[in-house]
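Peer 1: Once you know that position 35 of the sequence shown is 34 in numbering that gives the first Met the number 0, the rest is easy, because the numbers rise by one and skip nothing. Even for Gly, the Cβ is constructed at its ideal location relative to N, Cα and C.
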Amino acid sequence: MFCDKTDLPRIRMREQAYAIGGQPWALRSTAAIKVPLHGGFSISNHALGRSIERGVSKTNIQDAIDHPLHKTGVTLDSKGRPSYQLIGERATIAVNPDTGMIASTWKTKAGLRRKY
Numbered sequence: 000m001f002c003d004k005t006d007l008p009r010i011r012m013r014e015q016a017y018a019i020g021g022q023p024w025a026l027r028s029t030a031a032i033k034v035p036l037h038g039g040f041s042i043s044n045h046a047l048g049r050s051i052e053r054g055v056s057k058t059n060i061q062d063a064i065d066h067p068l069h070k071t072g073v074t075l076d077s078k079g080r081p082s083y084q085l086i087g088e089r090a091t092i093a094v095n096p097d098t099g100m101i102a103s104t105w106k107t108k109a110g111l112r113r114k115y
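#1: So if DSSP puts THR91 in a beta bridge, which residue, or which two residues, is it bridged to?
#2: Kindly indicate which three-state DSSP category HIS69 falls into: helix, strand or coil?
#3: Just verifying my parser: in three-state terms, what is the DSSP assignment at LEU111?
#4: Whole angstroms is fine: what's the gap from GLY72's alpha carbon to ILE86's?
#5: For LEU36, write down the residues that DSSP places opposite it in a beta bridge.
#6: Can you say whether ARG49 is buried or exposed, counting buried as having 16 or more other CB atoms within 10 angstroms of its CB?
#7: Per DSSP, what kind of secondary structure is THR98 in: helix, strand or coil?
Pasting the structure below:
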């Protein structure tokens, strides 16, 4: 098992399946999982956890990918990791441009929707 090999604690919550937007998404101990999103995107466990915590559905994430209101330029975070944001009607997603990995997601604020 991954946790035994890495001396990390086992977090059973991450092993359960959750339903978002009617679709089952499984949390695993790997860095990323493949989810059926258009455009070849994958989602990190961090982003999956945040979508659950923040009430962002798979449908809203997919809408941000397919019909973004705005796409920001690529920026680097404090650790030098590149990302850009796709701002959708209901969800905003942060994407690593090198891998296509969704790193985080949150609900789009009303003021930002009005701006774009």
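Peer 2: Based on what the coordinates show:
#1: According to DSSP, which records beta bridges pairwise, THR91 is partnered with ILE86 and TRP105.
#2: strand
#3: Helix, per DSSP.
#4: 12 Å
#5: DSSP lists no partner for LEU36.
#6: ARG49 is buried by the Cβ-count criterion.
#7: coil
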